[in-house]
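Numbering (the numbering used here), first residue to last: 16 to 133. Quick reminder that beta carbons are idealized off the backbone N, C-alpha and C, glycines included.
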């Protein structure tokens with residue numbers, strides 16, 4: 016079992032930045048591919064970024080490409096999401112998860128709220 020705890024959300028103005036953290040329990044974090052998702056009420060959960068075990072390969076959705084950066088520190092069992100040039104449409108609950116097979120994620124954290132004011 017893996018437990019994930021997100022932090023770093025908050026209220027920020029348009030154009031501002033936030034860095035989210037996702038801390039994982041356990042000693043096998045470095046073997047997990049990880050993803051960051053976001054969800055707003057009434058909409059499907061959206062994968063915004065993912066990163067492989069070593070951190071050498073990343074993916075970004077078109078909506079965040081060039082503004083968000085995913086990274087990880089395996090020594091700290093933590094994956095990060097640096098969010099720059101934030102827009103009101105980035106407002107959502109952001110959660111991290113472990114990719115257990117291609118396209119399928121599990122062990123969701125509780126999420127952290129990001130609110131971008133216009």
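Per DSSP, cross-strand counterpart(s) of residue i
i           : result
residue 101 : According to DSSP, residue 101 bridges with nothing at all.
residue 119 : 116
residue 48  : 114
residue 54  : 108
residue 25  : 129
Buried or exposed by the 16-neighbour rule on C-beta atoms within 10 Å, applied to residue i
i           : result
residue 110 : buried
residue 105 : buried
residue 124 : buried
Nearest neighbour of residue i, chosen from the options [CA to CA]
i          : options       : result
residue 21 : 95, 57 and 31 : 95
residue 52 : 16, 66 and 41 : 66
Are the stretch 73-80 and the stretch 116-131 in contact at 8 Å, needing three or more beta carbon pairs?
no
For the stretch 45-54 against the stretch 102-116, do three or more pairs of beta-carbon atoms, one drawn from each stretch, fall closer than 8 Å, so that the two count as touching?
yes
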